[in-house]
Amino acid sequence: MADEFTLSNVVCIDTAKSPHPISTGIGFFDHMIDQLNSHAQIGVSVTVNKEGNDDVDAKNHSFEVVNRYAEEDQAKIMGSVGAALGKELSKLKYPAGDRSSRFCCPLDEALVECILTKKKNGGDGKLVNFTLPPYGKYPVNKGRAKIGSMKTQYVETFFSNVAQTSGMDISLVKIRGDNGHHVVESAFKAFSRALRNLIDGTNTNNYTSAEFEKMWGVKSDSHISSLDLCREGKLERSTKETSILVHVLLNGLAKGADDSVNVSTGIETMDKFVSILAEEAMMSIEAKCNGDLYVDDHHTSEDVSIALGQVLNTAFGTKAGLNRMWCAVGTYGDAEVEVTMDLSNRPCITHNLSLSSNPNDEEYAGDLSVEMLDHVIESLVMNSRSTVHILEKKVGKTVVETALATAMAFGKALRMCAAVDPRRAGKTASSKGTLSV
Numbered sequence: 118m119a120d121e122f123t124l125s126n127v128v129c130i131d132t133a134k135s136p137h138p139i140s141t142g143i144g145f146f147d148h149m150i151d152q153l154n155s156h157a158q159i160g161v162s163v164t165v166n167k168e169g170n171d172d173v174d175a176k177n178h179s180f181e182v183v184n185r186y187a188e189e190d191q192a193k194i195m196g197s198v199g200a201a202l203g204k205e206l207s208k209l210k211y212p213a214g215d216r217s218s219r220f221c222c223p224l225d226e227a228l229v230e231c232i233l234t235k236k237k238n239g240g241d242g243k244l245v246n247f248t249l250p251p252y253g254k255y256p257v258n259k260g261r262a263k264i265g266s267m268k269t270q271y272v273e274t275f276f277s278n279v280a281q282t283s284g285m286d287i288s289l290v291k292i293r294g295d296n297g298h299h300v301v302e303s304a305f306k307a308f309s310r311a312l313r314n315l316i317d318g319t320n321t322n323n324y325t326s327a328e329f330e331k332m333w334g335v336k337s338d339s340h341i342s343s344l345d346l347c348r349e350g351k352l353e354r355s356t357k358e359t360s361i362l363v364h365v366l367l368n369g370l371a372k373g374a375d376d377s378v379n380v381s382t383g384i385e386t387m388d389k390f391v392s393i394l395a396e397e398a399m400m401s402i403e404a405k406c407n408g409d410l411y412v413d414d415h416h417t418s419e420d421v422s423i424a425l426g427q428v429l430n431t432a433f434g435t436k437a438g439l440n441r442m443w444c445a446v447g448t449y450g451d452a453e454v455e456v457t458m459d460l461s462n463r464p465c466i467t468h469n470l471s472l473s474s475n476p477n478d479e480e481y482a483g484d485l486s487v488e489m490l491d492h493v494i495e496s497l498v499m500n501s502r503s504t505v506h507i508l509e510k511k512v513g514k515t516v517v518e519t520a521l522a523t524a525m526a527f528g529k530a531l532r533m534c535a536a537v538d539p540r541r542a543g544k545t546a547s548s549k550g551t552l553s554v
């Protein structure tokens with residue numbers, strides 16, 4: 118790192134903690150590197166010091182110490198840290214053969230896709246795609262030049278150096294992003310999650326591999342641990358508009374779908390939506406509603422989705438030890454939809470479903486009004502206290518196809534987010550250690 122700076126305590130340990138801190142002299146950069154600890158489950162540490170200034174206490178969290186190199190050459194610092202961490206990542210154990218992994222990380226104002234590719238013949242890696250700038254929408258057409266004390270232009274420098282020395286090709290594509298802080302955070306989290314999957318040999322678009330079955334299948338430690346929690350949520354209430362009972366058990370459809378999914382709302386499209394979601398999530402559900410359909414579909418569909426979201430949030434509990442994030446694709450007819458979900462406790466829904474501009478100018482999805490389908494999705498997400506991004510990849514011939522593809526993707530993502538990751542030993546997948554605030 119030239120003669121001006123030195124790096125020490127550069128460590129990347131799989132599923133273990135490093136005994137050393139992360140201290141680069143650029144506070145926000147430290148926070149982003151720390152995402153590898155929380156989301157890749159890799160113990161990461163690195164300390165940057167100036168020659169002649171090796172006695173800095175890296176555990177001192179004062180602003181002056183944490184940001185001691187904010188006015189120095191950040192390109193050199195971030196590039197060298199990237200190269201050093203990439204070299205350590207190259208030493209971790211990966212499955213044999215050519216491998217790739219894709220992950221999208223949903224934040225309330227950003228969604229970034231990361232694709233990692235590792236070739237069996239080794240060699241240097243490349244940053245093959247990088248479309249994060251502009252970092253947010255303020256200022257217009259420019260985005261943020263600096264977040265905290267970190268200059269955003271050198272995020273690309275960091276990942277380019279990680280790619281080269283790790284031997285991984287890295288693609289980082291911003292799908293959505295109005296908030297610069299969240300764009301960068303989503304990129305680091307997506308990279309961390311994709312890296313974890315790459316090491317595990319799993320992928321978000323492959324549910325049939327031997328590695329996936331070992332990690333997440335019905336005979337896995339994850340599945341057994343999930344069932345051992347005996348998680349459920351139940352709500353029963355009556356108003357002048359609806360009488361509702363919703364009861365869910367995250368029990369892996371223990372009795373089979375035919376005997377475990379019982380949905381009767383009086384709206385056929387709603388019944389199909391909830392049933393498909395439950396089956397894909399591998400959860401048992403009883404959902405009954407006697408509503409004022411003689412008025413219209415509003416109260417029934419809204420109250421069912423609100424109740425479902427609330428009982429799911431109850432069933433999730435504190436979310437400690439859960440996988441927390443996943444992305445999944447659902448197809449129904451011609452429709453193809455991807456749902457990216459985070460059990461974040463920070464409810465937010467963003468989607469591009471062609472509901473108001475559907476091909477046939479439909480007012481109804483079967484017997485559910487299109488405007489209420491939109492409201493059903495929003496109510497479900499907000500009351501489950503999740504962050505969800507929905508991407509319409511292929512438009513269905515009808516809005517019903519779009520709705521049911523969404524339900525399928527939503528259920529798949531939900532199953533994986535709610536799964537216990539035994540490696541976390543009951544701890545929350547968060548750099549701040551909790552999702553309660």
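Residue numbers for the sequence shown, in my numbering: 118 to 554.
Here a beta-carbon is modelled for each residue, glycine too, at the ideal position from N, C-alpha and C.
Which partner residues does residue i have in the DSSP bridge list?
{"i": "Glu403", "result": "His364, Asn379"}
{"i": "Gly160", "result": "Ile130"}
{"i": "Thr123", "result": "Asn166"}
{"i": "Ser355", "result": "Ser360"}
{"i": "Lys263", "result": "Lys268"}
{"i": "Thr234", "result": "Ser217, Asp286"}
{"i": "Ser339", "result": "DSSP, once it has assigned bridges, lists no residue as partnering Ser339."}
{"i": "Thr319", "result": "Note: Thr319 sits in no beta bridge, so no partner."}
{"i": "Gly408", "result": "Thr359"}
{"i": "Ile240", "result": "With the sequence shown as reference, residue 240 is identified as Gly, and Ile is not the correct amino acid for it. In the DSSP output, where bridge partners are listed per residue, Gly240 has none listed."}
{"i": "Tyr252", "result": "Gly260"}
Tell me whether residue i is buried or exposed, calling it buried when 16 or more other Cβ atoms sit within 10 Å of its Cβ.
{"i": "Arg572", "result": "Residue 572 is absent from the structure shown; the chain starts at 118 and stops at 554."}
{"i": "Asp413", "result": "exposed"}
{"i": "Gly242", "result": "buried"}
{"i": "Glu121", "result": "exposed"}
{"i": "Asp215", "result": "exposed"}
{"i": "Leu485", "result": "buried"}
{"i": "Arg354", "result": "exposed"}
{"i": "Lys76", "result": "Any answer about residue 76 is impossible in this case: the structure gives the chain only from 118 up to 554."}
{"i": "Cys221", "result": "buried"}
{"i": "Gly203", "result": "buried"}
{"i": "Lys389", "result": "buried"}
{"i": "His178", "result": "exposed"}
{"i": "Tyr186", "result": "buried"}
{"i": "Asn322", "result": "exposed"}
{"i": "Phe146", "result": "buried"}
{"i": "Thr234", "result": "buried"}
{"i": "Pro223", "result": "buried"}
{"i": "Ala262", "result": "exposed"}
{"i": "Phe341", "result": "Note on residue identity: the sequence assigns Ile, not Phe, to residue 341. The residue in question, Ile341, is exposed, as its Cβ has fewer than 16 Cβ neighbours within 10 Å."}
{"i": "Ser473", "result": "exposed"}
{"i": "Lys268", "result": "buried"}
Check for me: the beta strand (DSSP E) holding residue i runs from which residue to which?
{"i": "Arg216", "result": "216-224"}
{"i": "Ile287", "result": "285-294"}
{"i": "Ala535", "result": "Where Ala535 is concerned, there is no enclosing beta strand (DSSP E), although the alpha helix (DSSP H) it sits in stretches over 516-535."}
{"i": "Ile507", "result": "504-511"}
{"i": "His137", "result": "Here His137 belongs to no beta strand (DSSP E), and DSSP marks it neither H nor E."}
{"i": "Val456", "result": "452-459"}
{"i": "Asn246", "result": "244-247"}
According to DSSP, is residue i helix, strand or coil?
{"i": "Leu228", "result": "strand"}
{"i": "Ala311", "result": "helix"}
{"i": "Arg441", "result": "coil"}
{"i": "His468", "result": "strand"}
{"i": "Glu306", "result": "According to the sequence displayed, residue 306 carries Lys and not Glu. DSSP places Lys306 in helix when its eight states are reduced to three."}
{"i": "Asn184", "result": "coil"}
{"i": "Leu153", "result": "helix"}
{"i": "Val173", "result": "coil"}
{"i": "Val446", "result": "strand"}
{"i": "Gly144", "result": "helix"}
{"i": "Glu479", "result": "coil"}
{"i": "Gly297", "result": "helix"}
{"i": "Phe329", "result": "helix"}
On the premise that residue j lies in contact with residue i, defined as a C-beta separation below 8 Å, what is that separation, rounded to the nearest angstrom?
{"i": "Ala526", "j": "Val456", "result": "4 Å"}
{"i": "Arg313", "j": "Gln158", "result": "6 Å"}
{"i": "Ser135", "j": "Ser162", "result": "4 Å"}
{"i": "Val128", "j": "Glu205", "result": "7 Å"}
{"i": "Cys406", "j": "Gly383", "result": "6 Å"}
{"i": "Val290", "j": "Thr248", "result": "5 Å"}
{"i": "Val498", "j": "Gly426", "result": "7 Å"}
Which two residues bound the contiguous alpha helix (DSSP H) that contains residue i?
{"i": "Lys204", "result": "191-206"}
{"i": "Lys389", "result": "385-398"}
{"i": "Ile494", "result": "487-501"}
{"i": "Lys544", "result": "Unbroken run through Lys544: none, as it is neither H nor E."}
{"i": "Asn430", "result": "415-433"}
{"i": "Ala371", "result": "Note, Ala371: premise wrong, no alpha helix (DSSP H); not H, not E."}
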